[in-house]
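So the sequence lines, in the order shown, correspond to chains Y and L. Count the first sequence with the numbering used here and you get residues 4 to 394, in order. Count the second sequence with the numbering used here and you get residues 4 to 394, in order. We treat Cβ as the ideally placed atom computed from N, Cα and C, and that holds for glycine. Report on the following structure.
2 protein chains.
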Amino acid sequence: MEPRAAAGSVGIVTPRTQRFEQPLELACGRTLPGYDIVYETYGTLNADCSNAVLICHALSGNAHAAGYHSPADRKPGWWDNCIGPGKPIDTSRFFVVSLNNIGGCAGSTGPHSVNPATGRIWGPDFPVVRVRDWVATQRRLADLLGIERWAAVVGGSLGGMQAMRWAIDHPERVRHCVVIAAALKLSAQNLAFNEIARKAIVADPQFHDGWFLEHGTLPRQGLAIARMIGHVTYLSDELMGDKFGRELRSGSFAPGSEADAEFQVQSYLRYQGDQFADNFDANTYLLMTRALDYFDLARDFGDDPVEAFRRARARFLVVSFSSDWRFSPRRSREIVDALLAAHRDVSYVEIEANEGHDAFLLPIPRYHDALQRYMEQVHADLAPRSVADAR
Amino acid sequence: MEPRAAAGSVGIVTPRTQRFEQPLELACGRTLPGYDIVYETYGTLNADCSNAVLICHALSGNAHAAGYHSPADRKPGWWDNCIGPGKPIDTSRFFVVSLNNIGGCAGSTGPHSVNPATGRIWGPDFPVVRVRDWVATQRRLADLLGIERWAAVVGGSLGGMQAMRWAIDHPERVRHCVVIAAALKLSAQNLAFNEIARKAIVADPQFHDGWFLEHGTLPRQGLAIARMIGHVTYLSDELMGDKFGRELRSGSFAPGSEADAEFQVQSYLRYQGDQFADNFDANTYLLMTRALDYFDLARDFGDDPVEAFRRARARFLVVSFSSDWRFSPRRSREIVDALLAAHRDVSYVEIEANEGHDAFLLPIPRYHDALQRYMEQVHADLAPRSVADAR
């Protein structure tokens with residue numbers, strides 16, 4: 004069976020590239036001249052354009068959230084288990100929009116693009132981008148697609164931060180906000196891990212102060228280390244124990260050279276690191292982790308998240324996972340507490356799961372059930388609201 | 004007031020270097036020719052040599068556990084808050100021995116020493132050393148000092164692993180075994196962090212496959228990254244939050260270049276990494292983390308720690324700290340459960356502390372109280388046992 008024929012799949016999808024000529028003023032004070040956004044859509048926009056769902060991606064995500072780009076593709080989009088006909092984000096009901104954020108390295112304008120002012124690749128000169136800038140570009144895309152109000156803005160991790168920012172910055176344009184495995188801001192420990200990952204990249208002599216493309220090279224070692232650090236923090240201690248334990252690759256102790264990976268977990272991590280290093284832009288990694296660092300929902304509101312959420316009009320679903328120690332349930336409960344104090348409508352689900360932060364990408368039954376039920380309610384809300392809006 | 008005059012201090016101490024000419028067969032199958040051990044002693048060995056306490060150091064430790072090397076020293080030894088007259092390990096009662104393990108970089112023979120077979124620095128050719136090898140060298144030192152049986156062998160973290168190994172390998176030579184913030188073996192997550200730290204070191208082009216000294220350089224960047232990774236895992240999320248939060252160094256957001264550390268926690272980590280990189284040998288770091296990786300107390304006993312502890316004759320004190328996520332209380336309870344199942348005499352204290360794994364080095368009142376009371380009992384046990392032994 005070809006993948007596109009699989010039940011519940013959106014099938015073959017074709018990414019689109021949209022050029023935006025109007026310059027964008029960024030939060031850092033610099034202005035990005037015209038830029039490209041690569042995006043995909045799944046499902047059909049209804050007549051009153053009320054059934055659109057925006058998917059916001061996390062650190063290393065891209066526009067390809069569901070389906071396949073060709074029949075030969077072995078892997079579907081990064082959230083294919085969640086998006087498709089009959090799936091929690093049901094494309095037979097919703098028109099789903101997924102884009103690659105600016106600063107990314109999967110088609111949209113980013114550090115690997117050419118800076119029109121110099122004719123050189125942007126590289127490390129690409130401006131610092133913050134979550135609010137992504138929301139601004141997503142708003143422009145919504146305008147272009149004729150989407151006045153999202154039925155839902157959905158995101159996990161850094162994507163959940165974008166969803167919250169949407170609800171604050173454009174309250175009238177978000178009906179529902181789904182915030183999965185996120186936080187109001189990073190903890191000092193989160194900041195520390197990001198700092199170490201960046202240090203590994205900039206310390207790689209192949210990084211060349213960010214001009215590696217001009218030097219015809221890539222900081223593979225640094226990127227691999229950064230990814231390995233990230234990867235350990237995405238998984239739970241328990242899951243790593245279940246998955247690898249202390250299994251030796253050879254079955255017995257035979258201390259070898261540093262080049263040998265003796266434990267299964269070592270070779271797994273090395274593989275993850277090397278794969279990533281071949282496919283991700285180092286400047287984008289720096290940019291994305293700094294966007295994470297800078298995100299602080301309450302900062303413009305006297306450090307009071309309740310004050311921030313008073314601006315929101317959306318209904319919220321907040322989801323956390325028991326073994327997630329990167330964005331623990333405690334961080335999600337902070338979001339929920341602030342929403343309740345701001346008299347917002349919020350549902351909260353804490354999912355018992357062994358998979359750590361990575362759980363948000365996995366088809367865990369109780370998680371997908373909760374998301375499916377919530378999205379059914381989002382769909383049920385569409386009709387009466389549309390009537391009300393038309394008055 | 005000069006430090007040596009401080010109450011409770013052992014004052015000025017002079018490290019001694021002991022040459023061992025007899026080659027040592029290592030667990031890896033290789034043989035280390037004659038080697039040096041640097042050690043310090045505090046307090047006075049009693050007439051029947053029954054009051055000796057061995058201190059086993061952790062990953063980056065050394066022989067200088069207490070006191071000062073000169074009146075000009077600004078910092079005392081690494082466990083000075085715990086060792087001295089009137090302190091938990093009371094030098095007015097005990098004769099305390101602290102040594103630098105082989106493979107270390109603080110005086111004892113290690114990768115920075117000259118390999119007599121080649122006349123070159125050992126560098127990466129230094130043999131793989133395991134916890135049992137350290138115990139073997141410590142036993143030789145005990146023989147030389149006339150210590151037939153330790154009143155106690157004490158260690159935290161990797162030091163606790165040495166203490167347990169002593170109790171198993173030389174049951175008749177250990178009266179009490181004090182195991183602080185340790186584990187029967189590393190978890191997959193522990194292994195993963197060690198792997199990433201080593202990867203950072205070997206990826207540093209200044210590492211030169213371990214021959215950096217011959218190249219007149221040091222892999223400072225790699226070592227700094229390794230230390231930063233270690234450091235984050237030594238601290239708790241809570242402590243980092245309390246200590247740094249998201250405090251900005253400049254007091255406001257002004258996204259700068261990668262060279263800038265904007266958050267306090269970044270500059271703190273960078274400082275820690277740089278300090279370490281100037282003072283620690285990269286080959287030793289690799290060796291020490293691999294000794295940690297390989298340690299597995301039950302491995303020779305059909306993976307049954309109960310079977311392992313059946314060999315022990317010592318009484319045990321096991322201590323853990325609530326916020327230690329590197330060697331969590333759960334890992335200490337595994338030790339305690341195995342000891343109980345083996346019908347060993349064990350006391351267990353779980354200390355409520357915010358400081359993570361690092362807590363074992365800090366003068367937390369309840370921790371030091373518990374240790375002091377236990378060591379008082381160790382001292383009280385000396386006299387009757389000596390009589391019994393003499394029969």
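- Identification of residues in the segment 140-155 of chain L having a C-beta nearer than 9 Å to some C-beta of chain Y yields an empty set.
- A50/L is classed as exposed because its beta carbon has fewer than 16 other beta carbons within 10 Å across all chains shown.
- Close to chain Y, meaning a Cβ-Cβ distance shorter than 7 Å, are the following residues of the segment 219-245 of chain L: Q224, I228, M231, I232, V235, D240, M243, G244.
- In the structure shown, D348/L falls within a coil segment according to DSSP collapsed to helix, strand and coil.
- In terms of Cα proximity to G159/Y, the closest of Q21/Y, R329/Y, G87/Y is R329/Y.
- Residue burial is scored here from C-beta neighbours: N282/L has fewer than 16 other C-beta atoms within 10 angstroms and is therefore classed as exposed.
- In the structure shown, L48/Y adopts coil according to DSSP, grouped into three states.
- Between the alpha carbons of G64/Y and N103/Y lies a distance of about 7 Å.
- For H179/L, the three-state secondary structure derived from DSSP is strand.
- When C-alpha distances from L35/Y are compared across E355/Y, S116/Y, S190/Y, the shortest belongs to S116/Y.
- By a beta-carbon distance limit of 8 Å, F97/Y contacts A154/Y. Their separation comes to about 6 Å.
- Under a criterion of Cβ atoms nearer than 7 Å, no residue of chain Y is adjacent to F215/L; the nearest Cβ is some 13 Å distant.
- Close partners of E175/Y in chain L (Cβ separation under 8 Å) are lacking, with about 27 Å as the shortest Cβ gap.
- Under the DSSP definition of a beta bridge, S101/Y partners with E43/Y, I58/Y.
- Cβ-Cβ distances below 7 Å link A311/L to I171, L300, A301, F304 in the same chain, with the five nearest sequence neighbours on each side left out; the list follows chain order.
- Look at V339/Y here: in three-state DSSP terms it is helix.
- Sequence-ordered contacts of the segment 184-201 of chain Y with chain L read K188, L189, S190, A191, Q192, L194, A195, F196, E198, I199, R201 [C-beta pairs closer than 8 Å].
- In this structure, Q192/Y sits near G244/L, with a CB-CB distance shorter than 9 Å.
- Taking 8 Å as the upper bound for CB-CB distance, I204/L and G219/L are not in contact here, some 18 Å apart.
- Residue-level contact by beta carbon holds for P208/Y and chain L, with a gap shorter than 9 Å.
- In the displayed model, Q165/L falls within a helix according to three-state DSSP.
- Restricting attention to A166/L, G37/L, P222/L, the CA atom closest to the CA of R22/L is found in G37/L.
- Of the other Cβ atoms in all chains shown, fewer than 16 fall within 10 Å of the Cβ of G122/Y; this residue is therefore exposed.
- A direct Cα-Cα distance of roughly 7 Å separates I40/Y from T112/Y.
- For the pair L242/Y and S331/L, the Cα-to-Cα distance works out to about 16 Å.
- Here A55/Y is not near V16/Y, since their CB atoms are 9 Å or more apart.
- Counting C-beta atoms within 10 angstroms of its own C-beta, G70/Y has 16 or more neighbours from the protein chains shown and is therefore classed as buried.
- The beta carbons of Y377/Y and V181/Y sit closer together than 9 Å.
- Assigned with DSSP and collapsed to three states, Q25/L falls in coil, not helix or strand.
- By the C-beta density criterion, L29/Y is buried, having at least 16 other C-beta atoms within 10 angstroms.
- Residue contact with chain L for A203/Y: present (Cβ-Cβ distance below 9 Å to some residue of chain L).
- A Cβ-Cβ separation of about 6 Å places G106/L in contact with T287/L under the 8 Å criterion.
- Relative to the Cα of Q209/Y, the nearest Cα in the group H60/Y, A373/Y, P222/Y belongs to P222/Y.
- Every candidate beta strand (DSSP E) stretch fails here, since none sits fully inside the segment 194-244 of chain Y while reaching 3 residues.
- Counting along the chain, no beta strand (DSSP E) covers R133/L, and no H or E run does either.
- Secondary structure note for F324/L: its beta strand (DSSP E) is the uninterrupted segment 318-324.
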